[in-house]
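*Asks:* Using this note's numbering, the first residue of the sequence shown is number 50, and each one after it goes up by one. First the structure, then my questions, so here it is.
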Amino acid sequence: MRKKTQRTYIGGQAVIQGVMMRGKRGMATVVRDDNGEIQTEAKRITPPEKRKKWLRFPFVRGVVSFVSSLVLGMRSLLRSSEVAVADDEEPSKFTKWVAEHWKISVGEIVTTIATVLGVALAVVLFLFLPNYFTALISEAAPAIGGAGSIWYNLIEGGFRFVIFLLYILFTLLFASLRETYRYHGAEHKTINCYEYGDELTVENVRKASRLHDRCGTTFIFLVLVISIFVFALANWLLAMTGMTGIGWVDFLISLIVKIILLPVVAAISYEILRLLSKTDSVLVLPLKAPGYLLQMLTTQEPDEKMIECAILAFQKAKEMDDDPDSPEKTFATETKLSALLAMMKKSFAEKEIDGSDAEWIVSLELKIPRSALGTERVVSRKECKSILDVFEQRLTGRPLWYVYGDAEFYGYTFKVDERVLIPRPETELLVRQALASVKDGDSVLDLCTGSGAVAVALACEAAKDKNVSVTATDISDGALEVARENARLNKANVTFVKADLFDGVRGRFNLITANPPYVQSAEIATLPRDVRDFEPHLALDGGVDGLDCYRRIAEKINRYIVRGGMCILECGEGQAQEIIRIFRTVARCDFAMVVRDFAGVERVVKIGF
50 MRKKTQRTYI GGQAVIQGVM MRGKRGMATV VRDDNGEIQT EAKRITPPEK RKKWLRFPFV
110 RGVVSFVSSL VLGMRSLLRS SEVAVADDEE PSKFTKWVAE HWKISVGEIV TTIATVLGVA
170 LAVVLFLFLP NYFTALISEA APAIGGAGSI WYNLIEGGFR FVIFLLYILF TLLFASLRET
230 YRYHGAEHKT INCYEYGDEL TVENVRKASR LHDRCGTTFI FLVLVISIFV FALANWLLAM
290 TGMTGIGWVD FLISLIVKII LLPVVAAISY EILRLLSKTD SVLVLPLKAP GYLLQMLTTQ
350 EPDEKMIECA ILAFQKAKEM DDDPDSPEKT FATETKLSAL LAMMKKSFAE KEIDGSDAEW
410 IVSLELKIPR SALGTERVVS RKECKSILDV FEQRLTGRPL WYVYGDAEFY GYTFKVDERV
470 LIPRPETELL VRQALASVKD GDSVLDLCTG SGAVAVALAC EAAKDKNVSV TATDISDGAL
530 EVARENARLN KANVTFVKAD LFDGVRGRFN LITANPPYVQ SAEIATLPRD VRDFEPHLAL
590 DGGVDGLDCY RRIAEKINRY IVRGGMCILE CGEGQAQEII RIFRTVARCD FAMVVRDFAG
650 VERVVKIGF
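Here it is as C-alpha cells:
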C-alpha cells in the first residue's frame with residue numbers, strides 16, 4: 050500500500066446515486082439526479098474548536114462523532130433519495146391532496162417513516178435477535194452459563210457478527226445497493242488519492258485503493274468486537290444482582306441496558322479507529338485486516354461518473370473548510386414555500402444581501418405576486434430547481450437584475466448587464482420632471498445615458514402626445530450597445546452618439562438631462578458588494594467630491610442649450626446645493642430649484658437658462 054503524504058480529516062459515505070463528504074466546517078453531498086445531471090448540497094457544520102471544551106475530550110468526542118455521523122449521514126442519505134428518484138411531472142391526486150390540506154410534501158412523510166423504520170430495524174437485527182437467540186441457547190444448554198458468563202457473551206457477539214455479515218451479503222443481491230457500494234468505493238479512492246498527494250483527477254482516483262483506514266465498515270466491525278467486552282461486563286454486573294438473562298423481564302432489561310451502552314461502545318471504537326488510522330505500520334496491519342476484508346464486500350470499483358461525484362464532493366467540503374465565504378448550496382427538491390424562503394433569506398443575510406431579493410426570485414420564478422408569498426404551498430422539484438439556479442447566482446454577489454438580464458423602469462423593460470448601471474427607482478423622478486418640462490417640437494439630449502433608461506422612457510412617453518427628438522450620449526461602447534438594444538426593444542426613436550459628455554454632439558437642445566457619476570472616489574470601496582464588485586465604476590465614480598461631471602457639464606452647457614432651455618440632473622444625497630452653486634457660478638444660469646424624492650432626499654436639480 051502506498052505511503053500517504055498528506056492525511057486529511059475529511060471523511061464521507063456513499064448515498065443514493067452519489068457521495069457525501071464531511072470536513073470540519075462543512076459537508077457536501079453530490080448526487081446525480083434522474084436526468085443524469087449533478088446536483089450539489091453543501092451545508093456548514095459547527096467545527097470542533099467551537100464546541101464546548103468537554104465535548105472534545107477523548108471518548109466524549111467519540112460519542113459526539115457517533116451521534117453526529119448517524120444524524121448527518123441519515124439526513125444526507127434521505128436527502129439524496131429525494132434527488133435521485135424520478136419526479137413525476139404530474140403529481141398524483143394523493144400528493145396534491147396532502148400538499149393542499151397538510152401543507153407538507155409526501156417526501157417529508159416518507160423521510161420520517163424511513164428514519165423510524167431504519168432505527169427500529171438496526172435495534173432488532175443487532176440487539177434484539179442476538180440477545181433473543183443467545184437467551185434461547187442458554188436456556189436449552191445451562192452449561193453455557195447465564196448472561197454473566199464469557200461463553201454467553203461470545204455466542205451473542207458471534208450472532209451479532211454473523212447477522213452483520215449476512216446483512217452485507219444480502220444487500221449484494223440488489224443491483225441498486227451494489228451501485229451504492231460502487232459510490233462507496235469512489236469515496237474511498239478519492240480520499241486516498243488526495244492523501245497520496247496526487248492531483249484529484251478521474252484517472253488518478255481510479256488508480257487509488259478503495260480500502261481506507263477510517264471506513265465506517267471498519268468502525269462497525271470494531272463496534273461488534275468492543276460490544277462483546279462491554280456487554281459482557283454489563284451482563285456480569287446484572288448477573289451479580291441475580292439476573293440470568295433468561296425470561297422476558299431479564300431479557301428486556303438486558304436489551305435496554307445494551308441500547309444505553311451503545312454510545313460507550315461507539316466512543317471506545319472511535320478512539321481505537323482514530324489511533325489505527327494515524328499509522329501505516331505493518332505492526333498494526335493484523336488489527337486493520339478484518340476491516341479491510343469487510344471493505345472488500347462494501348466497496349466496489351466505481352465508474353467515471355461515480356468518481357466525478359466523489360471528487361466534486363471532496364473539493365466542496367475542503368473548500369468550505371478553507372474558505373469561510375464558500376457559499377452553501379441546496380438540492381432542488383419538493384419543499385414548502387415558507388421553508389425555501391426562510392433558507393434563502395438566512396443565506397442572503399449571511400452575505401449581507403437584502404432579503405427582499407429572495408422574495409423577488411420566488412415571485413418571478415413561480416409567477417405569483419409578492420403579496421401571495423405568505424400563503425403556504427408546496428414548491429415542486431422543477432420549480433425549486435429554477436429558483437435555486439437564480440438564488441445561487443445571486444449568492445455570489447451578482448446583482449439580481451444582472452442575473453435575470455433585465456430590469457423594470459418607468460413601466461418599460463430594459464436589458465442590463467455588467468456594462469451598464471441597473472436603473473434605480475429614484476431615477477424615475479428625473480423622467481417625470483423631464484416629461485413635465487418638454488414641449489411639442491423640443492429636442493432633448495440625455496448625457497451619460499448608460500442603459501438608455503432615461504432617454505428611452507422619455508422618448509416613449511413623450512411620443513404619446515408630442516413630436517420630440519431625443520439624442521443620447523455615452524463614452525462607453527458597451528453601454529451604447531445595450532442602450533441601442535433597449536431602444537429597439539421598446540421601439541423608441543433615440544439617436545445614440547459616442548461622446549464624452551458633449552464632445553461630438555452638434556446643435557442646441559431645449560432640454561438636457563443627465564444622471565452622471567456622483568459617488569465620491571473614496572466611497573466606492575464602501576459601497577455594497579453587488580454594486581462595488583459588479584456595476585461599472587465608470588458610471589459610479591464622480592471624483593474626489595463626486596461632482597466632477599457636474600462641473601464639466603456646467604463649463605460647456607451654454608454652447609448646447611437654447612435660451613429658455615432646461616437642464617435636469619439627478620444627484621446624490623447632500624449634493625444638490627453645491628451643484629446649484631456650481632451652475633450659478635460657472636454657467637450663469639437664470640434660476641435653479643431642487644426636487645425631493647419620496648424619501649425626502651434632494652434628488653433632482655432643475656436649472657433654467
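Just so you know, even glycine gets a beta-carbon here, dropped at the ideal spot from N, CA and C. Every value quoted in this text rests on a predicted model; they were computed, and no experiment measured them.
So the candidates are 112, 175 and 585; which of them puts its Cα closest to the Cα of residue 211?
*Replies:* Here residue 211 refers to the residue found at position 162 of the sequence shown. The candidate whose alpha carbon is nearest that of residue 211 is 175.
*Asks:* State the DSSP-derived secondary structure class of residue 635, mapped to helix, strand or coil.
*Replies:* Translated into positions along the sequence shown, residue 635 becomes position 586. Residue state, collapsed to three classes: helix.
*Asks:* Which residues bound the beta strand (DSSP E) around residue 367?
*Replies:* Numbered from its first residue, the sequence shown carries residue 367 at position 318. Premise fails: residue 367 lies in the alpha helix (DSSP H), 353–371, not in any beta strand (DSSP E).
*Asks:* How many angstroms separate the CA atom of residue 545 from the CA atom of residue 252?
*Replies:* The residue labelled residue 545 in the question sits at position 496 within the sequence shown. The residue labelled residue 252 in the question sits at position 203 within the sequence shown. Answer to the nearest angstrom: the Cα atoms are 55 Å apart.
*Asks:* To the nearest angstrom, how far is the alpha carbon of residue 228 from that of residue 116?
*Replies:* Here residue 228 refers to the residue found at position 179 when the sequence shown is read from its first residue. Here residue 116 refers to the residue found at position 67 when the sequence shown is read from its first residue. Those two C-alpha atoms are separated by around 26 Å.
*Asks:* Using only alpha-carbon positions, find the residue among 608, 594 and 609 that is nearest to residue 628.
*Replies:* By 1-based counting over the sequence shown, the position of residue 628 is 579. Among 608, 594 and 609, the Cα nearest to that of residue 628 is on 594.
*Asks:* Provide the residue span of the beta strand (DSSP E) that contains residue 547, from first to last.
*Replies:* In the sequence shown, counting from the first residue as 1, residue 547 sits at position 498. Element bounds for residue 547: 543–547.
*Asks:* Based on Cα-Cα distance, which residue from 623, 470 and 178 lies nearest to residue 523?
*Replies:* Position 474 of the sequence shown, counted from the first residue, corresponds to residue 523. Selected option, being the one with the closest Cα: 470.
*Asks:* Could you give the first and the last residue of the continuous beta strand (DSSP E) run that contains residue 75?
*Replies:* Within the sequence shown, numbered from 1, the residue matching residue 75 stands at position 26. Per DSSP, residue 75 belongs to the beta strand (DSSP E) from 75–81.
*Asks:* Taking Cβ positions, are residue 487 and residue 515 nearer each other than 8 Å?
*Replies:* Taking the sequence shown and counting its residues from 1, one reaches residue 487 at position 438. Taking the sequence shown and counting its residues from 1, one reaches residue 515 at position 466. Closer than 8 Å, so yes.
*Asks:* Among the residues of its own chain, which have a CB less than 8 Å from the CB of residue 462, if the five just before and after it don't count?
*Replies:* Taking the first residue of the sequence shown as 1, we reach residue 462 at position 413. Once the five neighbours on either side are set aside, the close Cβ partners of residue 462 are 455, 456, 538 and 539.
*Asks:* Quick one: any contact between the region 374–383 and the region 88–108, if contact means 3 or more CB pairs under 8 Å?
*Replies:* With the cut-off at 8 Å, the region 374–383 and the region 88–108 touch.
*Asks:* Could you tell me which of 206, 426 and 401 sits nearest to residue 443, measuring between CA atoms?
*Replies:* On the sequence shown, position 394 is the one that residue 443 refers to. Nearest option by C-alpha distance: 401.
*Asks:* Starting from residue 329, follow its DSSP beta bridges and name the residues at the other end.
*Replies:* Within the sequence shown, residue 329 is the residue found at index 280, counting from 1. Paired residue(s): none; residue 329 is not in a bridge.
*Asks:* According to DSSP, simplified to helix, strand and coil, what is residue 457?
*Replies:* Position 408 of the sequence shown, counted from the start, is the residue given in the question as residue 457. Strand.
*Asks:* With respect to the beta strand (DSSP E) encompassing residue 641, which residues constitute its N-terminal and C-terminal limits?
*Replies:* Within the sequence shown, the letter at position 592 stands for residue 641. Start and end: 640–645.
*Asks:* Check whether the Cβ atoms of residue 349 and residue 265 lie closer than 8 Å to each other.
*Replies:* The sequence position of residue 349 within the sequence shown is 300, counting from 1. The sequence position of residue 265 within the sequence shown is 216, counting from 1. Cβ atoms of residue 349 and residue 265: not closer than 8 Å.
*Asks:* Would you list the residues sitting across from residue 610 in a DSSP beta bridge?
*Replies:* Along the sequence shown, one-based indexing puts residue 610 at 561. Its beta-bridge partners are 558.
*Asks:* Relative to the C-alpha of residue 532, which residue among 607, 577, 611 and 464 is closest?
*Replies:* Start at 1 with the first residue of the sequence shown, and residue 532 comes out as number 483. The residue with the shortest Cα to Cα distance from residue 532 is 464.
*Asks:* For residue 613 versus residue 640, is the C-beta distance shorter than 8 Å?
*Replies:* The residue you call residue 613 lines up with position 564 of the sequence shown. The residue you call residue 640 lines up with position 591 of the sequence shown. In this structure, residue 640 does not lie closer than 8 Å to residue 613 by Cβ.
*Asks:* CB-CB under 7 Å to residue 570, same chain, minus the five flanking residues each way: which ones, in chain order?
*Replies:* Taking the first residue of the sequence shown as position 1, residue 570 is located at position 521. Counting only Cβ-Cβ distances below 7 Å, and skipping sequence neighbours, we find 590, 592 and 593.
*Asks:* Let's test the definition: count the other Cβ atoms within 10 Å of the Cβ of residue 586 and tell me whether it reaches 16, buried, or not, exposed.
*Replies:* In the sequence shown, residue 586 corresponds to position 537, counting from 1. Result: exposed.
*Asks:* Please give me, in chain order, every unbroken run of the alpha helix (DSSP H) with length at least 4 that falls completely inside the region 549–599.
*Replies:* Listed in chain order, they are 578–581.
*Asks:* How is the alpha helix (DSSP H) around residue 410 delimited, first residue to last?
*Replies:* Taking the first residue of the sequence shown as 1, we reach residue 410 at position 361. 405–415 is the extent of the alpha helix (DSSP H) around residue 410.
*Asks:* What three-state label does DSSP hand residue 190 in the structure shown?
*Replies:* Translated into the one-based positions of the sequence shown, residue 190 becomes position 141. Here residue 190 sits in coil by DSSP.
*Asks:* Could you tell me the boundaries of the beta strand (DSSP E) in which residue 653 lies?
*Replies:* Locating residue 653 in the sequence shown gives position 604, counting from the first residue. Start and end: 651–657.
*Asks:* Less than 8 Å between the CB atoms is what I'm expecting for residue 129 and residue 62, so what's the real figure, rounded?
*Replies:* Within the sequence shown, numbered from 1, the residue matching residue 129 stands at position 80. Within the sequence shown, numbered from 1, the residue matching residue 62 stands at position 13. So it is not a contact: roughly 10 Å between Cβ atoms.
*Asks:* Go ahead and label residue 100 buried or exposed: buried means 16 or more other beta carbons lie within 10 angstroms of its beta carbon, across all protein chains shown.
*Replies:* Translated into the one-based positions of the sequence shown, residue 100 becomes position 51. Answer is exposed; the Cβ neighbour count stays below 16.
*Asks:* At which residues does the beta strand (DSSP E) containing residue 494 begin and terminate?
*Replies:* To locate residue 494, count along the sequence shown from 1; it is residue 445. Segment 492–496, the beta strand (DSSP E) holding residue 494.
*Asks:* With residue 93 as the anchor, note down where its beta strand (DSSP E) starts and where it stops.
*Replies:* The residue given as residue 93 occupies position 44 in the sequence shown. Looking at the DSSP string, the run of the beta strand (DSSP E) that includes residue 93 is 87–93.
*Asks:* Out of curiosity, what's the CA-to-CA distance linking residue 529 and residue 231?
*Replies:* Within the sequence shown, residue 529 is the residue found at index 480, counting from 1. Within the sequence shown, residue 231 is the residue found at index 182, counting from 1. So the two alpha carbons sit approximately 55 Å from each other.
*Asks:* Buried or exposed: residue 60, going by 16 or more other Cβ atoms within 10 Å of its Cβ?
*Replies:* Reading the sequence shown from its first residue, position 11 is the one you call residue 60. Buried.
*Asks:* Hey, would you say residue 562 sits closer than 8 Å to residue 617, going by beta carbons?
*Replies:* Here residue 562 refers to the residue found at position 513 of the sequence shown. Here residue 617 refers to the residue found at position 568 of the sequence shown. Contact: yes.
*Asks:* Could you give the residue range of the beta strand (DSSP E) that holds residue 522?
*Replies:* The count along the sequence shown starts at 1 and reaches residue 522 at position 473. 518–523 is the span of the beta strand (DSSP E), which, as asked, contains residue 522.
*Asks:* With 16 other CB atoms within 10 Å as the buried threshold, where does residue 248 fall?
*Replies:* To locate residue 248, count along the sequence shown from 1; it is residue 199. Looking at its Cβ environment, which holds fewer than 16 other Cβ atoms inside 10 Å, residue 248 is exposed.
*Asks:* Starting from residue 71 and walking both ways along the beta strand (DSSP E), at which residues does that stretch end?
*Replies:* Taking the sequence shown and counting its residues from 1, one reaches residue 71 at position 22. 67–71 is the extent of the beta strand (DSSP E) around residue 71.
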